[in-house]
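Only one structure is covered here, and it is reproduced in the block below.
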Amino acid sequence: SSFLHSLKFLNRVSSHSRLMTTSAARGFHVTTTRKEIVAPASSPLLPLPENRIISLSNLDLLLPPVDINVCFFYKKPLYNTTNDVLKTSLAEALVSYYVLAGEVVANPITGEPEILCNNSGVEVVEAAADVELRELNLHDPYQSIAKFVPMKVHGVFAIQISRSDVPTSYVPSFNRSLLNSRRPLIIDSSVDQMYMPVTSLPLPQETTNPDNILTSRIYYIKADVVQDLQTQAGNGKRTKLESFSAFLWKLVAKHAATTDSKVPNLKSKFGIVVDGRKKLTEQETSPYFGNVLSVPFGEQRIDDLTHKPLSWVADEVHKVLESSVTKDHFLNLIDWIEIRRPVPVVSRIYGAGSEDGPAFVVSSGKSFPVTRIDFGWGSPVFGSYHLPLGSRTGYVMTMPSPVVDNSAGDWIVYLHLEKGQLKFIEQEAPHVFKPIDNDYLKI
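Okay, so the sequence shown: first residue is 1 according to our numbering, each after it adds one.
Given below as structure tokens:
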């Protein structure tokens, strides 16, 4: 029988993580068999910098320190050469992406994080699991995916290695001047409505109700259902992501309205991750290595979200995007962060207090290259993002389905929401949210 083998790639800064040699939970064991540091391969054509400091851009500093793991599952190949292939590929990739072989350190003057490019390498952890791939409960990531990703003490880089036909001359750019603030600074006060210093964050809410605890589930949505949502949301006037986001926002609001009679007067927040790379670099593809993201949000009364038509909610989602997919938005954001450094800042959607309604953020993973992560032994049968426990706000990621036969256009949807919200969503929209299973994945 085929056993699932897992390789975990960590930046060396996490070498003191709480990854246990053997972890047992929910019916199967994951046992660490080997740990190794993989350093960048030597290359006379591209010498490695030594002890170079790379500062984080203002937009890097914007994102909250949350570990987001990526996990791919493959059928066991016939030849057991997978580990050597991955390590060789990793060493070669680190020549260009040498920043991933460094460490995150604090600037001795400002205290801000920066990257020390010391070529210390990446820790590769090899592990084996006494479970067959088809036996995993992928619908509940904390019973499956969580066992194959380590708990991290420090923030680290996620590393993706794949074969490509792109010429080796295509190397990443670490030039932070591309995202420098303007001189003189131009301050747009409207940014104050979207972001705030982390020092203003309210204390996390304590809860004894298990239905209020954030957890994760993974679903698939058929292509024809996605198309139907788009039709209902505006007869094609809104994108599939806008239509889906509006549908989910209505469900989250409806759940809140059914749990508390006072809730309809509260406001629910919806945020969406916006990529500004094309706007700032003015290129279809850019070699710039770093974050160029913003998390704008909108808020509406729960009563309105519940009773008004889906098309109205979709229009509100569109307004959130429309105000933020511009070059000026990102330039204003960079300047706004500049005057507040070294105090970290964060989107206000992550600062919901006890008097606020439900909030969640949607991110599009339509470019998530599941089927292209082929190291020579076939494409993954499944891949997903994974958030560890402890986050404060709901998070949703949409991804293309890895299933190719008769499933073109299907979505995989990762929902990190409250347990009560997930139960309600499954009850209200079982025709939309289908729990991911091995029959669908054809494992």
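Glycine is no exception: its CB is placed at the ideal position from the N, C-alpha and C atoms. Keep in mind it's a predicted model, so treat the numbers as computed, not measured.
Asked                                                                                                                                                                            : Found
What ranges does the beta strand (DSSP E) occupy inside the stretch 206 to 274, keeping only unbroken runs of at least 3 residues that lie completely in it?                     : 214 to 221, 267 to 272
Give me the Cβ distance between residue 386 and residue 71, rounded to the nearest whole Å; I'm assuming they're in contact under 8 Å.                                           : 6 Å
If residue 419 sits next to residue 210, beta carbons under 8 Å apart, how far is it from one beta carbon to the other, in whole angstroms?                                      : 6 Å
According to DSSP, is residue 336 helix, strand or coil?                                                                                                                         : helix
Which of helix, strand or coil does DSSP assign to residue 169?                                                                                                                  : The pLDDT assigned to residue 169 is 44, lower than 50, so where the model puts this residue is not dependable; a value taken from the coordinates is nonetheless given after this. Three-state DSSP puts residue 169 in coil, outside helix and strand.
Check residue 39 in the structure and name its three-state DSSP category.                                                                                                        : coil
Would residue 404 be called buried (16 or more neighbouring beta carbons within 10 Å of its own) or exposed?                                                                     : exposed
When you compare only the Cα positions, how much space is there between residue 370 and residue 271?                                                                             : 25 Å
Drop a sphere of 10 angstroms on the beta-carbon of residue 198, count the other beta-carbons inside from all chains shown, and report buried for 16 or more, exposed for fewer. : exposed
Please return the same chain residues whose Cβ sits closer than 6 Å to the Cβ of residue 25, not counting the five positions on each side in sequence.                           : With a pLDDT of 38 at residue 25, under the threshold of 50, the predicted position of this residue should be treated as unreliable, though the coordinate-derived value follows. No residues qualify anywhere along the chain.
Report all residues from its chain with a CB closer than 7 Å to the CB of residue 253; omit the five preceding and five following residues, and keep chain order.                : 268, 302, 305, 306
By how many angstroms is the C-alpha of residue 233 removed from the C-alpha of residue 312?                                                                                     : 8 Å
Secondary structure at residue 136, three-state DSSP: helix, strand or coil?                                                                                                     : coil
Evaluate the contact criterion for the stretch 333 to 341 versus the stretch 183 to 202: three or more CB pairs, one atom per stretch, below 8 Å.                                : yes
Measure the C-alpha to C-alpha separation of residue 29 and residue 375 and round it to an integer number of angstroms.                                                          : 26 Å
Name the residue from 433, 441, 437 whose alpha carbon lies nearest to the alpha carbon of residue 224.                                                                          : 433
Using only the alpha-carbon positions, how far apart do residue 144 and residue 228 sit?                                                                                         : 32 Å
Use the C-beta contact count for residue 408: other C-beta atoms within 10 angstroms, 16 or more gives buried, fewer gives exposed.                                              : exposed
Could you tell me if residue 185 is buried or exposed, where buried requires 16 or more neighbouring beta carbons within 10 angstroms of its beta carbon?                        : exposed
From this set, 389, 97, 436, which residue's C-alpha is nearest residue 69's C-alpha?                                                                                            : 389
Among 147, 75, 382, which residue has its Cα nearest to the Cα of residue 27?                                                                                                    : 147
Taking contact to mean at least 3 C-beta pairs separated by less than 8 Å, is the stretch 241 to 252 in contact with the stretch 314 to 324?                                     : yes
Hey, could you find the ends of the alpha helix (DSSP H) residue 91 is sitting in?                                                                                               : 82 to 96
So, are the CB atoms of residue 58 and residue 181 less than 8 Å apart?                                                                                                          : yes
What number of angstroms, rounded off, separates the C-alpha of residue 412 from the C-alpha of residue 178?                                                                     : 34 Å
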